[in-house]
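Novice: Here it is: the structure, laid out below.
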Amino acid sequence: MPQMDIMLDLEQLKDAKAGLESSISEFEAAADTNDDLESAIARPDGRSDLLNQVIDFEVAWRDKRGKLKENLTNIKDQLTSIIDGWEEWDTTTASDLEGSTTTQNVTARGGAR
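Counted the way full-length UniProt numbering counts, the sequence shown spans residues 1 to 113.
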């Protein structure tokens with residue numbers, strides 16, 4: 001079986017995760033922003049045309065926003081699993097290598113048989 005190198009830039013993965021978390025927060029806050037917009041528009045001159053368009057937009061966008069947020073959350077969860085798994089593997093491997101090196105050094109000095 002051919003040997004394969006694995007190259008992961010953990011900092012880039014963590015940056016991507018932070019970006020996803022920020023995007024998810026923005027999607028969660030979007031409904032509040034729209035409520036504020038509706039309040040700010042109100043009914044100028046007693047007309048509600050603009051307000052109705054804003055409400056129609058929010059109704060149509062709400063479901064799409066929810067699906068996008070769900071997809072972003074799934075991607076973030078998968079990315080978190082990759083980061084956590086890689087860090088766990090790295091820690092375990094480093095520990096195993098330290099133990100292996102220590103045993104080899106003792107054996108090489110003739111201290112253990």
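For every residue, glycine included, the Cβ atom is placed at its ideal position computed from N, Cα and C.
Measure the alpha-carbon distance for residue 40 versus residue 6 and round it to whole angstroms.
Specialist: Going by the C-alpha atoms only, they are around 53 angstroms apart.
Novice: How many angstroms separate the CA atom of residue 70 from the CA atom of residue 44?
Specialist: Residue 70 and residue 44: Cα-Cα distance of roughly 36 angstroms.
Novice: Using CA atoms only, rank isn't needed, just tell me which of 16, 91 and 2 is closest to residue 79.
Specialist: Comparing Cα-Cα distances from residue 79 to each of 16, 91 and 2, the minimum goes to 16.
Novice: List the endpoints of the continuous alpha helix (DSSP H) containing residue 19.
Specialist: Looking at the DSSP string, the run of the alpha helix (DSSP H) that includes residue 19 is 10 to 41.
Novice: Is the Cβ-Cβ distance between residue 13 and residue 83 less than 9 angstroms?
Specialist: The answer is yes: Cβ separation under 9 angstroms.
Novice: What number of angstroms, rounded off, separates the C-alpha of residue 74 from the C-alpha of residue 54?
Specialist: Straight-line Cα distance between these residues: approximately 29 angstroms.
Novice: Since I believe residue 51 is in contact with residue 42 (beta carbons under 8 angstroms), could you give me their beta-carbon distance rounded to a whole number of angstroms?
Specialist: Right, the Cβ-Cβ distance comes to about 7 angstroms (below 8 angstroms), so this counts as a contact.
Novice: Return the CA-CA distance between residue 30 and residue 99, expressed in angstroms with no decimal places.
Specialist: One C-alpha to the other measures close to 52 angstroms.
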